[in-house]
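Chemist: Numbering (full-length UniProt numbering), first residue to last: 1 to 336. Ideal placement from N, C-alpha and C gives every residue a C-beta, glycine not left out.
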Ligand code: NAD
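1) Using a Cβ-Cβ cutoff of less than 8 Å, which residues in the same chain neighbour residue 236 once the five nearest sequence positions on both sides are dropped?
2) Return the bridge partner residues of residue 129 from the DSSP annotation.
3) What do you reckon, is the C-beta of residue 242 under 7 Å from a heavy atom of the ligand NAD?
4) Put residue 228 into one of helix, strand or coil per three-state DSSP.
5) In chain order, what residues of the same chain have a beta carbon less than 6 Å from the beta carbon of residue 198, not counting five sequence neighbours either side?
6) Does DSSP put residue 63 in a helix, in a strand, or in coil?
7) Going by DSSP, what residues sit across from residue 99 in a beta bridge?
8) Go ahead and label residue 335 buried or exposed: buried means 16 or more other beta carbons lie within 10 angstroms of its beta carbon, across all protein chains shown.
9) At a Cβ threshold of 8 Å, is residue 5 touching chain C?
10) Closest to residue 160 by CA distance: which of 257, 287 and 301 is it?
11) Taking DSSP as the reference, what is the three-state secondary structure of residue 160?
12) On the criterion of 16 or more Cβ atoms from any shown chain inside 10 Å, does residue 283 qualify as buried, or is it exposed?
13) In angstroms with no decimal places, state the Cα-to-Cα distance between residue 209 and residue 265.
14) Is the segment 84 to 92 close to the segment 53 to 62, with three or more CB pairs under 8 Å?
15) Rounded to whole angstroms, what's the CA-CA distance from residue 11 to residue 94? Just pull it up for me.
16) Between which two residues does the beta strand (DSSP E) holding residue 198 run?
17) For residue 267, name the three-state secondary structure that DSSP assigns.
18) In the structure shown, what three-state DSSP assignment does residue 322 receive?
19) Who are residue 246's beta bridge partners in DSSP?
20) Over the uninterrupted alpha helix (DSSP H) stretch that includes residue 287, give me the two end residues.
21) Determine the extent of the beta strand (DSSP E) in which residue 168 is found, giving its start and end residues.
22) Residue 193: which of 163, 222 and 169 sits nearest, CA to CA?
23) Nearest by alpha-carbon distance to residue 184: which of 212, 156, 207 and 223 is it?
24) Which of the three DSSP states, helix, strand or coil, is assigned to residue 16?
25) Mind checking who residue 94 pairs with in its DSSP beta bridge?
26) Out of curiosity, what's the CA-to-CA distance linking residue 255 and residue 145?
27) Any heavy atom of the ligand NAD within a distance shorter than 7 Å of the CB on residue 257?
28) Comparing alpha-carbon positions, which option in 34, 81, 186 and 22 lies nearest residue 50?
29) Where residue 116 and residue 333 are concerned, what is the direct C-alpha to C-alpha distance, given to the nearest angstrom?
30) Pairing CB atoms from the segment 321 to 328 with CB atoms from the segment 302 to 312, are three or more of them under 8 Å?
31) Helix or strand or just coil, what does DSSP make of residue 213?
32) Flag this pair as yes or no: are the beta carbons of residue 150 and residue 118 separated by less than 8 Å?
33) Taking buried to mean at least 16 other C-beta atoms within 10 Å of its own C-beta, is residue 1 buried or exposed?
34) Starting from residue 74, follow the alpha helix (DSSP H) in both directions and report where the run begins and ends.
35) As a quick exercise: from 271, 285, 212 and 246, pick the residue whose alpha carbon is nearest that of residue 320.
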């Protein structure tokens, strides 16, 4: 049976990497009816809105979307499409698996962790005020409801994926009330999951530990701001934003996306690396129950990367997006 999935190709390199991923998924035998919708600048030209209602309706109906990067013009009254999507669909959990890929150079090997970031509150509520000229206050909002919800998500994810330890990251020694509430919520939820180990680390120490002994971490649970920063730190441990996947998940809908941007400097040149969006698409396939094709594609990507003969420029090779995609498709066919 065909899966109906919303496809938001994005702009910049988005259409190129999306087309590559669609081709690879088809090569693995997954039948998908893609419902294509534009967001951002491309959508404004068509519908007057960066986040058209038709797109939101499509994701709500299909419950699953694959999204390429979307440019957010600086300072022109544009709100970020990504933030808009998260709010509109209540995608409260940001999930970022961080692990080494064969053939991808990185400072560490043996890294295998998942970063779970709360996506809806904290300093991202955007509540800032100039109280008197020269004095600005930004409000950090932490609620028990959102903290318990994200903690429960992290523990459930650990149980469902055979992970053994959750580390809650905080700064409750200074932000005693806000981060204190986040921690109390996490501790309460931890009691519901006696088989999963639970510990806590202060965010500055956690950052040091991450760049000294990343292999000690399994699942990291963080409020929004620390989660944003630590997610990119995590990507840096295994080769950068070009090779890590990401997903934003809610109770009803899930949006799988590359975490890198639209790379306007290389757009249209057929040199972008589609691996990050492809790995996000593999998370999506597993999410919709297509585990076997996801494993087949992962095997093919791993072999192409490990062989090192068809790498894109960002990984030190000379292959085009098309040549890299051809190589992955060739590996899939060779092993089917
Ligand atoms: P970027 O990630 O687009 O680019 C940073 C550098 O990485 C560039 O040199 C680029 O060429 C390179 N790069 C990124 N992805 C690559 C890929 N797949 N293959 C090869 N090289 C790649 O970051 P930026 O330049 O800060 O942002 C550009 C635009 O993207 C901005 O408008 C920003 O708002 C937007 N953005 C969107 C998302 C998203 O939609 N999820 C995320 C981040 C940034």
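Modeler: Inspection of the coordinates gives the following:
1) Within the same chain, and ignoring the five residues on either side of residue 236 in sequence, no residue has its Cβ closer than 8 Å to its Cβ.
2) As a beta-bridge residue in DSSP terms, residue 129 pairs with 137.
3) Answer for residue 242: yes, Cβ within range of the ligand NAD.
4) Residue 228: helix per DSSP, three-state reduction.
5) If the five residues before and after residue 198 are omitted, its C-beta is found closer than 6 Å to the C-beta atoms of 166 and 190, all from its own chain and listed in chain order.
6) If DSSP states are grouped into helix, strand and coil, residue 63 belongs with coil.
7) Beta-bridge pairing links residue 99 to 112.
8) Classification for residue 335: exposed.
9) Here there is only one protein chain, and chain C is not present.
10) Of the listed residues, the one whose Cα sits closest to residue 160 is 287.
11) Helix.
12) Residue 283 should be labelled buried.
13) Cα to Cα, the separation comes out at about 34 Å.
14) Short answer: they touch.
15) Approximately 22 Å between the Cα atoms of the pair.
16) It spans 197 to 202 - the beta strand (DSSP E) in which residue 198 sits, taken as one unbroken run.
17) In this structure, residue 267 counts as coil in the three-state DSSP scheme.
18) Residue state, collapsed to three classes: helix.
19) BP columns for residue 246 point to 257.
20) Residues 275 to 287.
21) Judged by DSSP secondary structure, residue 168 falls within the beta strand (DSSP E) whose first and last residues are 165 to 170.
22) Ranking 163, 222 and 169 by Cα distance to residue 193 puts 163 first.
23) Here the closest residue by C-alpha is 223.
24) Helix.
25) Answer is 117 and 248, bridged to residue 94.
26) Cα to Cα, residue 255 sits roughly 22 Å from residue 145.
27) Answer for residue 257: yes, Cβ within range of the ligand NAD.
28) Comparing Cα-Cα distances from residue 50 to each of 34, 81, 186 and 22, the minimum goes to 81.
29) A direct Cα-Cα distance of roughly 35 Å separates residue 116 from residue 333.
30) Contact between the segment 321 to 328 and the segment 302 to 312 is present, with at least three C-beta pairs closer than 8 Å.
31) When DSSP states are grouped into helix, strand and coil, residue 213 belongs to the coil group.
32) It is a contact, given that the beta carbons lie within the stated cut-off.
33) Burial is judged here by how many other beta carbons sit within 10 angstroms of a residue's own beta carbon; residue 1 has fewer than 16 and is exposed.
34) In the DSSP annotation of this structure, residue 74 is not part of any alpha helix (DSSP H), being labelled neither H nor E.
35) For residue 320, the nearest C-alpha among the options comes from 271.
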